[in-house]
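J.: Sequence order for the protein chains is L and Z. Residue 494, in the working numbering, is where the first sequence stops; the numbers in between run on with no holes. Residue 1038, in the working numbering, is where the second sequence stops; the numbers in between run on with no holes. For glycine and all other residues, C-beta sits at the position ideal for the given N, C-alpha and C. It should be emphasised that the depicted structure is a prediction, and the values quoted were computed from it without experimental measurement.
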Amino acid sequence: MKKKSIMEIITSNRFLQILLSILLGFLVGALFLVIMGVSVGDAYGKLISSVSSVKGFSYVVVYATAYIMTGLSVAFSFKTGVFNIGAEGQFIMGSMGAAVVGILLKDLPKPVLIPLCFLAAMLAGALWGSLVGLLKTRWGINEVLAMIMSNWIAFYLSNFIAGIPAIHHEGNAEATRTISENARTLFGADFRSKLNLAPTANWGIFVALAVMIVVWYIIEKTTLGYELKAVGANRNAAEYGGIGVNKSILTALAISGALAGLGGALQVMGMGGRISIFTGQEGFGFAGIVVALIGCSNPFGVLAAGLFYGALIYGGSKLTLVGAPTQLTSVIIGTVVFFIAISVIFERFGGGLRSRKNIAGRKEAEAKIASEKAGPDGNKEGPHGSENGKEDETT
Amino acid sequence: MAKEHVDMNTPVIEMRNIVKKFGDFTANDGINLTVHKGEIHAILGENGAGKSTLMNQLYGLFKPTSGDILVNGEKIEMNNPRDAIAAGIGMVHQHFMLIQPFTVTENIVLGTEPMKGVTVDMETARKNVKELSERYGLAIDPDAKIEDISVGMQQRVEILKALYRGADILILDEPTSSLTPQEILELIDIMHSLTKDGKSIILITHKLKEIKESADFCTIIRLGKYIDTVDVDSVTESDLASMMVGRQVTFKVDKPEKEPGDVVLDVKDLHALDYRGVEILKGLSLNVRRGQIVGIAGIDGNGQTELVEILTGLKKGTSGEATVNGVNIFNKTPHFGFEHGVSSIPADRQKHGLILSFSVEDNLILQNYKREPYANHHRLNRPAIFSHATESIEKYDIRPQGCEKRPAGTLSGGNQQKVIIAREVFNDKDLLIAVNPTRGLDVGAIEYVHKYLVEQRNKGKAILLVSFELDEIMSLSDVIDVIFDGKIVSRIPGKDADENELGLLMAGGKKA
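#1: Return the CA-CA distance between R455 of chain L and T936 of chain Z, expressed in angstroms with no decimal places.
#2: Below 6 angstroms CB to CB, which residues in the same chain sit around P668 of chain Z once its five sequence neighbours on both sides are set aside?
#3: Would L323 of chain L pass as an interface residue toward chain Z - the criterion being a Cβ-Cβ separation below 8 angstroms?
#4: What are the residues of the region 332-355 of chain L that lie near chain Z, defined by any Cβ-Cβ distance shorter than 9 angstroms?
#5: Could you tell me which chain Z residues have their CB closer than 7 angstroms to the CB of K293 of chain L, listed as they occur along the chain?
#6: Taking buried to mean at least 16 other C-beta atoms within 10 Å of its own C-beta, is H567 of chain Z buried or exposed?
#7: Looking at the secondary structure, which residues open and close the beta strand (DSSP E) in which V139 of chain L lies?
#8: With a threshold of 8 angstroms between beta-carbons, can K178 of chain L be considered close to chain Z, or not?
#9: Less than 8 angstroms between the beta carbons of T552 of chain Z and P537 of chain Z, yes or no?
#10: Flag R453 of chain L as yes if its beta-carbon sits less than 8 angstroms from any beta-carbon of chain Z, otherwise no.
#11: If I'm right that G863 of chain Z touches I855 of chain Z with Cβ under 8 angstroms, what's the distance once you round it to whole angstroms?
#12: Which chain L residues sit within Cβ distance under 7 angstroms of A901 of chain Z?
#13: Bridge partners for M617 of chain Z per DSSP, in chain order?
#14: When DSSP builds the beta bridges, which residues end up paired with P933 of chain Z?
#15: Would A332 of chain L be called buried (16 or more neighbouring beta carbons within 10 Å of its own) or exposed?
#16: What is the DSSP secondary structure of V779 of chain Z, counted as helix, strand or coil?
#17: Let's test the definition: count the other Cβ atoms within 10 Å of the Cβ of T434 of chain L and tell me whether it reaches 16, buried, or not, exposed.
#18: With a threshold of 16 other CB atoms inside 10 Å of the CB of E269 of chain L, please say whether the residue is buried or exposed.
#19: Judging by CA-CA distance, which residue of L:V390, L:I348, L:I432 is the nearest neighbour of G239 of chain L?
#20: Could one say the Cβ of F259 of chain L lies closer than 8 angstroms to chain Z's Cβ atoms, at least one of them?
#21: With E736 of chain Z as the anchor, note down where its alpha helix (DSSP H) starts and where it stops.
#22: Of all Cβ atoms in chain Z, is any one closer than 8 angstroms to the Cβ of K456 of chain L?
#23: Return no unless some Cβ of chain B is closer than 8 angstroms to the Cβ of A297 of chain L.
#24: Whose Cβ in chain L lies nearer than 9 angstroms to the Cβ of T838 of chain Z?
#25: I want to verify the contact list: residues of chain L whose CB lies under 9 angstroms from the CB of D888 of chain Z, in sequence order.
#26: Within 8 angstroms of any Cβ in chain L, is that where the Cβ of G1029 of chain Z sits?
#27: I want to see whether chain L comes within less than 8 angstroms of Q626 of chain Z, judged by CB atoms only; does it?
#28: Does the beta-carbon of K687 of chain Z have 16 or more other beta-carbons within 10 angstroms, so that it is buried, or is it exposed?
#29: Just curious, the beta strand (DSSP E) that S279 of chain L is in, first and last residue?
#30: In the region 903-934 of chain Z, which residues sit with their C-beta less than 7 angstroms from some C-beta in chain L, listed in chain order?
#31: Would you check if the region 755-762 of chain Z and the region 579-599 of chain Z touch, i.e. whether three or more CB-CB distances between them fall below 8 angstroms?
#32: Identify whether A336 of chain L lies in helix, strand or coil by the three-state DSSP scheme.
#33: Which residues of chain L have a Cβ atom closer than 7 angstroms to the Cβ of Y895 of chain Z, listed in chain order?
#34: Looking only at DSSP bridge pairs, what is G821 of chain Z linked to?
#35: Which residue's Cα is closest to the Cα of I672 of chain Z: Z:K1021, Z:Q708, Z:Q626, Z:D1004?
#36: Enumerate in chain order the residues of its own chain whose CB-to-CB distance from L957 of chain Z is below 6 angstroms, with the five nearest sequence positions on each side excluded.
So, in structure tokens, the structure goes:
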């Protein structure tokens, strides 16, 4: 009886599911390490130590900024019933928009140029998002396909723009010129060295935090958020209630695109200062999907998930120092996503068994599923038995 | 009702003192049920009384907390529906479980296909299905695809599916909730032909009339408790109703005489195509006046759905005119109609009426979320939304109390409908379009909905009532418009209406 109640808590608590999925991700990662004969302690120790110093953490924050932005973009689209798999392209368009402004208007003063770059990036991202929205609402073209294709168009368009003489780097580098110093968002050099921060530490994270609060506010507190969520949750009822469904989808995609675009601006203005000719997609948009998923599409969750993702990426790059492969973090992330996805499926399946009149029955069905699900998990949790025990006592 | 088919000496199902608890909640509290061979046994109870829970135990979906289940005199333990099927129990769920692009035969044999080597022997399957359907008078085309046949036909497929698996005891869960009156009569015939052949049927329902028309015995459950088992012939509908609800229920709607006022809704020569592009409205005209309930009586598929969709702005017509208080609302948006006096209780409350994942308070402002006091300058005013919800919950007795922040999907059907009624009545529009407003509701909730509709009429609202429940149309309407083949073919005063005459008109017959 007691065991069932724990499972019930887990199935009803999304937060616990996510934590459990992350734990499982690390366990599966450990399994691979054991198979490869690398010490689990060494590898995970390195992962933790590399991100827990002030400098390491500042790197994590720098990495996370872009992930948080694309995560917010995807989370926003999830809330409104569209799946923005096009954040990748919007991100590229945004960073190129910011770079072009930062290169061509290089003599403008900082307080003018930086907002201008942001604006250009958001417009470019919004344009990219709403183009797909237009295809969907006008001609009913599936947004997922249109977005995947628009990602590639953005990719080649970015490479094309980077090759234009006014934009292209003057030397041999296969990249754009470096943007104006007045368009950079880096912390001052003194400040950085005093606090011993990463050389690329920049203001971007504060922009991301502000945007996070704005997104939360829009979703939870405004009539626009109500509209968008209504369309996302039940298009028919929203239409019946007098909400313009097509307008709503367009708005959602434009905002979502603007968020990803702004993420691109923060990346180029904070980190690189220029955009290389791509040889492959950089994956910020796709990382955003993962971040939104881990963050439960909640803006604050996205912040935490973005930092987590950033920490894995940065920490992962240090793993070679202890002889563990960098790809370990991909295994961990993949496993985490896998388990989160499974828990969503189990929830859906539980919903299918539910008789609408019988909520209590649904609970039982869920508990049944949960105990089935818990079976194999329980075994794997062997090494972390103590932590499990603690959970038992508190529940 | 003849009981010659019932073999009172052969109980096929005995459920003894069944208790089922979910945590602290007792869904079934000592329920007894005995079903004999050849019997139609109705189980009557309000929504949430525990009928489905009881049947889910009989079908192996839940295990009872305590109590015994005997099938053909033998105590058995069922762990899953497979065990139930093996014991000869079949269940037809309220929501059909059929594969739409498959044929009737394919659906019926699914999982127990006759094989020829490694391939399915479709010829034999087809023959078996045909034989079975002829044996019980369930005429059906074995090669038709599910997506092409009516709901009534789909139900036959579900029944055949159960019979094909050798079921001797059939559980029918709310079988008539989506059927037209004609289909209901056909279903009752089918049930009788099954019992004639020695099958037993358990009928879960809250429709008293159908129990009277078809069942031999009836077991009443209220709030999870066993109330009584009665011989249906020896009780009246109102006896059954009061046993179910636990108090006296009035079926009569108190409706004072009222002289109708000005025309509110005026529809002229409306034409429209259905989703296949076939003309479904063929010059429909009608009007509704202030303080008047106009009932639309008709068999499903004669254009009622399209009429309502056009009036609520969800569908565009090809030609015609529709005005509310003189303002043209034809081929405008739902919002435009709403702004000019149209409110509605939609036919499908879960598809159009509510956003199930939204809280009750958010559902209550669906059309008004942009308006003062719920919003100012694009910002939602949460305290105002909450107190509006608290008032509505109080006034309309929406249960459970304090459900302002609960997702609407967690409420029972009756309470979901109350949320919609609270919203639409609050909107205070001149025209209220109510489509099957009591579908799937129990007697208590029906009484409640009817009371509100009449109250709105007395306040001088114009009400257009579209319902497949002829009783509802007859007891509420001041005027009945009969719809047939996309036109109003006849208009008769509500108090003169006669069920047989209406039935004839609905089927396209001429007025006597």
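T.: Put simply:
#1: Looking up residue 455 of chain L in the first sequence gives position 356. Looking up residue 936 of chain Z in the second sequence gives position 410. Low confidence applies to R455 of chain L: its pLDDT is 35, below 50, so where it sits in the model is not reliable enough to give any reading.
#2: Here residue 668 of chain Z is taken as the residue at index 142 of the second sequence, counted from 1. Closer than 6 angstroms at Cβ, skipping near neighbours: V630, T631, R652, V655, K656.
#3: As a position in the first sequence, residue 323 of chain L is number 224, starting the count at 1. Chain Z contact via Cβ: present.
#4: A332, N333, N335, A336, A337, E338, Y339, G340, G341, I342, G343
#5: In the first sequence, the residue the question calls residue 293 of chain L occupies position 194. Result: empty, since nearest Cβ-Cβ is about 42 angstroms, beyond 7 angstroms.
#6: As a working mapping, residue 567 of chain Z is identified with position 41 in the second sequence. Buried, by the Cβ-count rule.
#7: Taking the first residue of the first sequence as 1, we reach residue 139 of chain L at position 40. Counting along the chain, V139 of chain L falls outside any beta strand (DSSP E), though it belongs to the alpha helix (DSSP H) covering 139-151.
#8: Here residue 178 of chain L refers to the residue found at position 79 when the first sequence is read from its first residue. No, no contact with chain Z.
#9: Counting from 1 along the second sequence, the entry for residue 552 of chain Z is found at position 26. Counting from 1 along the second sequence, the entry for residue 537 of chain Z is found at position 11. Cβ atoms of T552 of chain Z and P537 of chain Z: not closer than 8 angstroms.
#10: As a working note, residue 453 of chain L is residue 354 in the first sequence. The predicted model places R453 of chain L with a pLDDT of 37, which falls under 50 and marks its position as unreliable; any figure quoted below should be read in that light. By this cut-off, R453 of chain L is not an interface position.
#11: To locate residue 863 of chain Z, count along the second sequence from 1; it is residue 337. To locate residue 855 of chain Z, count along the second sequence from 1; it is residue 329. The C-beta distance from G863 of chain Z to I855 of chain Z rounds to 5 angstroms, short enough to fall under 8 angstroms.
#12: As a first step, residue 901 of chain Z is located in the second sequence; it is residue number 375 there, counting from the start. By Cβ distance, chain L contributes T322.
#13: Your numbering for residue 617 of chain Z matches position 91 in the second sequence. M617 of chain Z is bridged to Z:I697.
#14: If you number the second sequence from 1, residue 933 of chain Z lands on position 407. In the DSSP output, where bridge partners are listed per residue, P933 of chain Z has Z:S885.
#15: By one-based count along the first sequence, residue 332 of chain L stands at place 233. Classification for A332 of chain L: buried.
#16: Within the second sequence, residue 779 of chain Z is the residue found at index 253, counting from 1. Three-state DSSP puts V779 of chain Z in coil, outside helix and strand.
#17: If you number the first sequence from 1, residue 434 of chain L lands on position 335. The residue in question, T434 of chain L, is buried, as its Cβ has 16 or more Cβ neighbours within 10 Å.
#18: Taking the first residue of the first sequence as 1, we reach residue 269 of chain L at position 170. The residue is exposed, with fewer than 16 neighbouring Cβ atoms inside 10 Å.
#19: By one-based count along the first sequence, residue 239 of chain L stands at place 140. When each option's Cα is compared against that of G239 of chain L, the closest is L:I348.
#20: Within the first sequence, residue 259 of chain L is the residue found at index 160, counting from 1. Taking Cβ atoms only, chain Z never reaches closer than 8 angstroms to F259 of chain L, which makes this a no.
#21: As a working mapping, residue 736 of chain Z is identified with position 210 in the second sequence. Its alpha helix (DSSP H) spans residues 734-740.
#22: The residue you call residue 456 of chain L lines up with position 357 of the first sequence. Residue confidence for K456 of chain L is low, a pLDDT of 35 falling below 50, so the modelled location carries little weight; the figure read from the coordinates is stated next. Chain Z contact via Cβ: present.
#23: In summary, chain B is missing from the structure at hand, where the protein chains are L and Z.
#24: In the second sequence, the residue the question calls residue 838 of chain Z occupies position 312. What T838 of chain Z touches in chain L: Y339.
#25: Start at 1 with the first residue of the second sequence, and residue 888 of chain Z comes out as number 362. Those within 9 angstroms of D888 of chain Z in chain L are Y325, K328, A329.
#26: Along the second sequence, read from residue 1 onward, the residue named residue 1029 of chain Z stands at position 503. G1029 of chain Z does not count as touching chain L.
#27: In the second sequence, the residue the question calls residue 626 of chain Z occupies position 100. Not one chain L Cβ lies under 8 angstroms of Q626 of chain Z.
#28: Position 161 of the second sequence, counting from 1, holds the residue named residue 687 of chain Z. Buried: at least 16 other Cβ atoms inside 10 Å.
#29: Numbered from its first residue, the first sequence carries residue 279 of chain L at position 180. Where S279 of chain L is concerned, there is no enclosing beta strand (DSSP E), given that its DSSP letter is neither H nor E.
#30: Only H904, R905, L906 from the region 903-934 of chain Z bring a Cβ to less than 7 angstroms from some Cβ of chain L.
#31: These segments do not touch.
#32: Sequence index remark: in the first sequence, residue 336 of chain L carries index 237 (1-based). Helix, per DSSP.
#33: Mapped onto the second sequence, residue 895 of chain Z falls at position 369. The answer, in chain order, is T322, Y325.
#34: Counting from 1 along the second sequence, the entry for residue 821 of chain Z is found at position 295. The partner list for G821 of chain Z (beta bridge, DSSP) reads Z:L991, Z:I1006.
#35: The residue labelled residue 672 of chain Z in the question sits at position 146 within the second sequence. Selected option, being the one with the closest Cα: Z:Q626.
#36: Position 431 of the second sequence holds residue 957 of chain Z. Excluding residues within five positions, the ones whose Cβ falls inside 6 angstroms are V790, L791, V850, G867, V868, A988.
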